[in-house]
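Visitor:
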């Protein structure tokens, strides 16, 4: 279980990110409705996943680099504190600062939008507890194989992105084809609040672990 739980956590967080409307499936549905085409939804989802993966990969790269130089205990505490601070900022100011990209954007613009949204929401920071046991040594330069760590980090980003892509595609096509956007007014939970609570919980877990 110690070997598999980080991978399961990465997949679970990927699915959670994919189900969050702010991470992109709502944009994909709106794009499909605007253009009157299910193909637009199908093209949007991979672009959204690519942008999300780039954001998570950037965080993973910083984590791997920091893990070569900083003791894991200090890294966990610093990361946990950053996550809690990020959650507070998101709760206070997140709704005021939205990335504006119109319905006429191309796939490249959509990927950039996804990257910025994932970064602003702290999606990469949220996967830290799963990445640390996979990519960070127990101490500075303690038996670190940089090539192996890089390959593991890429695999971790791949697993996370695959789960996110599957969840995003499922939500987007379900809403576009069958459910309709009315569910957001009547039956959808406040994912933004859940996201904030998960950020805080992840930060606390890193600090006390």
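Residue numbers (my numbering): 3 to 211. We treat Cβ as the ideally placed atom computed from N, Cα and C, and that holds for glycine.
(1) How about the segment 43 to 57 and the segment 105 to 123: do they share at least three Cβ pairs that are nearer than 8 Å?
(2) Can you give me the C-alpha to C-alpha distance between residue 27 and residue 182, rounded to a whole angstrom?
(3) Where does residue 121 sit, in a helix, a strand or coil, going by DSSP?
(4) Within a Cβ cutoff of 8 Å, which residues of the same chain sit near residue 137, ignoring the five residues on either side of it in sequence?
(5) Tell me whether the beta-carbon of residue 169 lies closer than 9 Å to the beta-carbon of residue 17.
(6) Quick check: is any heavy atom of the ligand FMN less than 8 Å from the C-beta of residue 169?
(7) Whole alpha helix (DSSP H) runs in the segment 15 to 51 with 4 or more residues, listed along the chain?
(8) Is the beta carbon of residue 173 less than 9 Å from the beta carbon of residue 20?
(9) Comparing alpha-carbon positions, which option in 206, 117, 200, 85 lies nearest residue 54?
(10) I need the DSSP call for residue 6, collapsed to helix, strand or coil.
(11) What does the Cβ neighbour count give for residue 125, buried or exposed, with the cut at 16 atoms within 10 Å?
(12) From residue 130 to residue 162, what does the alpha carbon distance come to, in whole angstroms?
(13) Classify residue 194 as helix, strand or coil using the three-state DSSP reduction.
(14) Is residue 58 helix, strand or coil by DSSP?
(15) Provide the residue span of the alpha helix (DSSP H) that contains residue 95, from first to last.
Guide: By the coordinates alone:
(1) Result yes; three or more Cβ-Cβ pairs closer than 8 Å.
(2) Translated into positions along the chain shown, residue 27 becomes position 25. Translated into positions along the chain shown, residue 182 becomes position 180. Cα to Cα, residue 27 sits roughly 13 Å from residue 182.
(3) As a first step, residue 121 is located in the chain shown; it is residue number 119 there, counting from the start. Residue 121: helix per DSSP, three-state reduction.
(4) Start at 1 with the first residue of the chain shown, and residue 137 comes out as number 135. Residues 62, 65, 66, 69, 151, 154, 155, 158 of the same chain have their beta carbon placed closer than 8 Å to that of residue 137, with the five preceding and five following residues left out of the count.
(5) Within the chain shown, residue 169 is the residue found at index 167, counting from 1. Within the chain shown, residue 17 is the residue found at index 15, counting from 1. At a Cβ-Cβ threshold of 9 Å, residue 169 and residue 17 count as neighbours.
(6) Summarising the ligand content, the structure contains no ligands, and the ligand FMN is consequently not present.
(7) Within the segment 15 to 51, the complete alpha helix (DSSP H) segments of 4 residues or longer fall at 27 to 37, listed in chain order.
(8) The count along the chain shown starts at 1 and reaches residue 173 at position 171. The count along the chain shown starts at 1 and reaches residue 20 at position 18. Yes.
(9) By 1-based counting over the chain shown, the position of residue 54 is 52. Nearest Cα to residue 54 within the set 206, 117, 200, 85: 117.
(10) Indexing the chain shown from 1 puts residue 6 at position 4. DSSP places residue 6 in coil when its eight states are reduced to three.
(11) To locate residue 125, count along the chain shown from 1; it is residue 123. So residue 125 counts as buried.
(12) Numbered from 1 along the chain shown, position 128 holds the residue referred to as residue 130. Numbered from 1 along the chain shown, position 160 holds the residue referred to as residue 162. The C-alpha of residue 162 is placed about 12 Å away from the C-alpha of residue 130.
(13) One-based indexing of the chain shown puts residue 194 at position 192. It is helical.
(14) Residue mapping note: residue 58 aligns to position 56 of the chain shown, counting from 1. The answer is helix: DSSP assigns residue 58 an H, G or I state.
(15) The sequence position of residue 95 within the chain shown is 93, counting from 1. Taken as a continuous stretch (DSSP letters only), the alpha helix (DSSP H) holding residue 95 covers 74 to 95.
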